[in-house]
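Everything in the sequence shown is counted per the UniProt record's numbering, starting at 1 for the first residue and increasing by one. Think of the CB as a built atom: it goes at the ideal place given N, C-alpha and C, for glycine as much as any other residue. All figures in this text were calculated on a predicted structure; none of them were measured in a lab.
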Amino acid sequence: MAAGSAEERSLTEGAPRIKFACHPSTEDAEQKLGPLFSEFRSLCDALSGAAIMLEDIGAAPVLPDGFVAGNCSALLQGAAEEMLLVTRSGKDAGVRPSESDFVAVQSFDWNEWSCCFCPAKMGARPTSDTPLHWACIMKAAETFNWPERPLVALHGHALAEKEGLEKAKALKLPISHEETLFSTPEDVDALMELFKAFPYPENKVFIRKGHGFLILSSSVAAAVEEAALLKRKASRLERPVLDRIVNSNGFEASSMASIILCMFFLGADAACFPNCGVGMKDFYEVMNNVFVFLFLAEWILRVLKDGKAYFIPLKAEHVFDTLIVWVCGVLLGWVIPLTQDVQRSPITQSLNVLRSMRTLRFFNFLKTFESFKMLLAGILGTATTLAACVALLAMVDLLFGILAIELIGNFEAWGNAPRGPWPFVTSSYQLSVQRVQ
């Protein structure tokens with residue numbers, strides 16, 4: 001929560017968090033909830049994890065009164081009655097809520113600005129944002145004819161002030177631009193106007209300027225996942241432009257595409273050399289230079305992004321990429337000119353073979369696919385067995401080779417077969433004719 005917000009100023013001045021009247025039930029929670037009590041306990045456990053998650057992602061800061069911001073709610077739905085399960089007001093930082101930290105709100109009177117509730121532990125009162133949660137789960141779907149009704153709401157204090165609000169705009173989230181005091185009718189009215197313009201479930205994240213975000217969802221798990229996704233998206237905006245480019249899916253896809261195309265053109269170049277004309281050879285040489293440039297540009301961008309961390313500590317992947325780009329690409333492709341229109345000497349041919357080692361970058365492409373990782377891990381895991389199998393096959397081949405020579409090759413009755421390349425069918429026919437004669 002940014003300094004100077006309406007909520008922070010209010011708490012600093014000593015104003016109460018809860019600005020609506022609270023009427024607790026005198027009955028025990030288990031007796032009052034009846035058949036809903038088992039669902040109450042189950043949802044308490046799930047929402048406890050959600051509350052801690054809000055703290056972990058920085059969406060539940062400690063406010064001037066010493067308690068954390070951020071809260072959550074879920075629908076308690078029975079056969080004959082519905083209630084709203086909310087976190088209690090006044091949560092300590094870093095403490096996982098227990099069952100006694102939740103309250104079942106039975107009703108909320110908009111005219112009297114009051115609620116009736118049943119606490120799991122006597123003395124607990126519902127969160128000061130109960131009116132917002134009631135509007136999210138108990139009121140909005142019916143008021144605006146939403147096709148689905150949200151069952152869970154998470155409220156975090158982030159993306160609502162200054163830089164955070166700019167991130168929300170960049171993420172194109174629905175934002176209500178009126179800053180109102182929390183726990184008041186004006187706060188709910190501003191939220192309802194936002195719901196009217198941006199219906200659920202097309203929109204799941206909503207921003208209240210100066211207050212925070214609200215996430216609506218069909219389950220606690222889905223709401224937590226949405227909150228984590230929101231955190232990742234907002235974090236990406238904090239990184240420099242170069243980081244966002246290099247870490248983007250588009251950059252990785254372009255890198256993969258260039259590796260595959262490079263393999264294709266290197267293969268076509270190798271097949272073309274003996275028979276292609278000068279124009280085609282020049283074309284392949286130009287494409288070779290293009291791929292050297294692309295790989296070098298990619299390497300430079302990755303180094304600029306990571307700095308010294310690209311080299312220290314040493315990583316096999318980075319060393320491999322550096323050697324491929326600079327030795328097989330820059331050195332052999334540019335520093336040592338390789339022309340495609342002259343007779344290749346053994347040295348030139350060897351250099352071309354080394355230059356073609358750029359295709360080994362294909363393994364960087366395979367690493368992004370889990371199935372290839374599993375296949376490679378399986379092969380490496382059975383390397384000893386495979387080596388033993390190869391040795392066994394070699395010994396069997398040698399054994400039968402010796403037997404064949406002793407029983408057939410050195411057996412005088414078979415005669416002497418012609419030496420050199422020997423097509424099996426025609427030579428067998430000629431040998432048979434010789435035997436008949």
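Ranked by Cα distance from G70, the first of Q77, S10, K121 and L154 is L154.
Remark: C-beta atoms of A135 and V68 do not approach each other more closely than 7 Å. In the three-state reduction of the DSSP assignment, L151 falls in the coil class.
For S107, there is no enclosing alpha helix (DSSP H); the residue is found in the beta strand (DSSP E) stretching over F102 to D109.
A direct Cα-to-Cα measurement between Y310 and V303 gives close to 6 Å. Using a Cβ-Cβ distance cut-off of 8 Å, the stretch 88-106 and the stretch 261-275 are not in contact, since fewer than three pairs of beta carbons, one from each stretch, lie closer than that value. In its chain, beyond the 5 residues on either side, F295, L296 and W299 have a beta carbon closer than 7 Å to the beta carbon of V325. The residues I245, in chain order, have a CB closer than 7 Å to that of F251 in the same chain once the five nearest residues on each side in sequence are set aside.
Counting of Cβ neighbours within 10 angstroms places K121 among the exposed residues, the total staying below 16. If you ignore the 5 residues before and after P199, its C-beta comes within less than 7 Å of the C-beta of F144 and W146, all in its own chain and listed in chain order. Distance check between R239 and each of E193, D306 and A221 places D306 closest, using alpha-carbon atoms only. In the three-state DSSP reduction, M83 falls in the strand class (E or B). In the DSSP assignment, F400 falls within the alpha helix (DSSP H) that extends over A383 to A404. Taking all protein chains shown into account, K172 has fewer than 16 neighbouring C-beta atoms within 10 Å of its C-beta and is therefore exposed. The three-state secondary structure of N71, taken from DSSP, is strand.
Put simply, the backbone Cα of A50 is about 53 Å away from that of N288.
P131 is classed as buried because its beta carbon has at least 16 other beta carbons within 10 Å across all chains shown.
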